[in-house]
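Below: one structure, written as structure tokens.
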Amino acid sequence: MNNTLKTPGGRQFHFRHWPAGQSKAVLCIVHGLGEHSGRYDRYAEFLNARKISCLAMDLPGHGMTGGRKGHFSSLQEIFDGVDALIAKSGELHAGLPVFLLGQSMGGNIVLNYALRKPKGIAGVIAQSSWIRLHEQPSPALLRFAKFMKRIFPAFAQSNGLNPLDLATSPEVAKAYKADPLVHDRISVAAGLTMLEAARFLDTFSGEFPVPLLLMHGTADRITDFQGSASLAERCTGDVQMELYEGFYHELHNEPIAKEVMGRVASWILDRSMKNEG
Numbered sequence: 456m457n458n459t460l461k462t463p464g465g466r467q468f469h470f471r472h473w474p475a476g477q478s479k480a481v482l483c484i485v486h487g488l489g490e491h492s493g494r495y496d497r498y499a500e501f502l503n504a505r506k507i508s509c510l511a512m513d514l515p516g517h518g519m520t521g522g523r524k525g526h527f528s529s530l531q532e533i534f535d536g537v538d539a540l541i542a543k544s545g546e547l548h549a550g551l552p553v554f555l556l557g558q559s560m561g562g563n564i565v566l567n568y569a570l571r572k573p574k575g576i577a578g579v580i581a582q583s584s585w586i587r588l589h590e591q592p593s594p595a596l597l598r599f600a601k602f603m604k605r606i607f608p609a610f611a612q613s614n615g616l617n618p619l620d621l622a623t624s625p626e627v628a629k630a631y632k633a634d635p636l637v638h639d640r641i642s643v644a645a646g647l648t649m650l651e652a653a654r655f656l657d658t659f660s661g662e663f664p665v666p667l668l669l670m671h672g673t674a675d676r677i678t679d680f681q682g683s684a685s686l687a688e689r690c691t692g693d694v695q696m697e698l699y700e701g702f703y704h705e706l707h708n709e710p711i712a713k714e715v716m717g718r719v720a721s722w723i724l725d726r727s728m729k730n731e732g
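Under the numbering used here, the residue at position 222 of the sequence shown is numbered 677, and the numbers go up by one with no gaps.
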């Protein structure tokens with residue numbers, strides 16, 4: 456099902472819904488930079504077969520959601536969309552525990568969201584999260600971005616992502632480049648917003664308010680797995696870290712995809728039973 460979410464402020468987000476028969480839980484998915492919710496069809500279908508319903512939205516400036524490509528003005532703008540997605544999951548699957556999954560930039564988003572708004576969230580899965588980038592922006596680029604944000608915050612440039620860094624199979628890069636809903640844009644406002652959000656995560660220490668599963672490939676050339684590993688070490692509570700030796704950024708598109716998605720499914724179902732108890 457393809458539909459539109461509307462926030463109280465009138466912002467519209469495109470979303471997809473993959474319902475499972477006799478659902479035991481619902482998962483809200485937040486995608487990464489430049490991509491869109493449709494790239495999670497296979498993931499959602501895998502989870503559907505294990506009685507987990509899924510929803511995913513296209514972020515502002517991404518996929519079928521409107522706006523300048525790669526642009527959003529603040530973390531709150533994104534949070535408004537996550538609020539709406541969670542509310543929709545409650546309408547469609549009343550009474551079921553709601554989990555969040557974020558990939559890359561989406562991992563950054565769901566981690567920040569849960570730290571600020573944990574009520575009603577049964578758990579968070581953060582894959583290949585943008586906490587530390589494999590290559591940090593240069594000081595000159597940051598100065599330019601801060602200058603441009605003051606006069607033209609929607610100014611966008613290439614995000615520099617090499618599709619060959621997504622997964623070990625070149626077929627993933629080929630499909631990514633052929634996808635008409637994928638783009639390589641990021642605005643100065645969006646980039647600075649996410650860098651600030653990443654710094655917050657990279658300095659956070661204390662109890663994570665909901666169950667947390669962090670997952671990262673050690674050969675990720677887009678985000679640094681040490682960012683996830685360090686966060687896991689600094690957090691208390693129900694926090695687990697899964698490292699996948701030698702694998703790249705999109706674990707769900709790697710040869711170990713079934714292992715990764717199976718781990719996510721079992722983790723969700725286990726916490727769903729605890730939630731019932």
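Yeah, the Cβ is synthetic: ideal placement off N, Cα and C, and Gly gets one too. Bear in mind that the values here come from a model prediction, so they are computed numbers and not experimental data.
Whose C-beta lies closer than 7 angstroms to the C-beta of A652 among residues of the same chain, with five residues either side of it excluded?
So the list reads L530, N563 and N567, once near-sequence residues are dropped.
How many whole angstroms separate the CB atoms of A644 and A609, which I take to be in contact at a CB cut-off of 8 angstroms?
Confirmed, about 7 angstroms.
Which same chain residues, not among the five before or five after G557, have their C-beta less than 6 angstroms away from its C-beta?
Closer than 6 angstroms at the Cβ level, and outside the excluded window around G557, lie V485, I564, V565 and A581.
Okay, do the region 539 to 550 and the region 631 to 641 touch, 3+ Cβ pairs below 8 angstroms being the bar?
With the cut-off at 8 angstroms, the region 539 to 550 and the region 631 to 641 do not touch.
Is E490 buried or exposed, if buried means 16 or more other CB atoms sit within 10 Å of its CB?
E490 comes out buried.
CB-CB under 6 angstroms to E697, same chain, minus the five flanking residues each way: which ones, in chain order?
Closer than 6 angstroms at Cβ, skipping near neighbours: M670.
Which of helix, strand or coil does DSSP assign to E697?
The answer is strand: DSSP assigns E697 an E or B state.
Spell out a yes or no on whether the region 656 to 664 and the region 617 to 633 are touching, meaning 3 or more CB-CB pairs, one atom from each, closer than 8 angstroms.
With the cut-off at 8 angstroms, the region 656 to 664 and the region 617 to 633 do not touch.
Report the option in R654, L647, F655 and G615 whose CA atom is closest to the CA atom of D639.
Ranking R654, L647, F655 and G615 by Cα distance to D639 puts G615 first.
With 16 as the cutoff for other CB atoms within 10 Å, does K713 come out buried or exposed?
Exposed is the call here.
For G525 and G487, I'd like the C-alpha separation in whole angstroms.
Cα-Cα distance, rounded: 11 angstroms.
Please list, in chain order, all residues of the same chain as L621 whose beta carbon is under 7 angstroms from its beta carbon, the five residues on each side excluded.
If we look at L621 and ignore the five residues flanking it on each side, its Cβ neighbours are V627, A628, Y631, Y703, H704, E705 and N708.
Does the distance from the CB of L551 to the CB of L510 come in under 8 angstroms?
Cβ atoms of L551 and L510: not closer than 8 angstroms.
With distances taken from CA atoms, which of I641, V579, H517 and K479 is nearest A600?
If we check each option's Cα against that of A600, I641 comes out closest.
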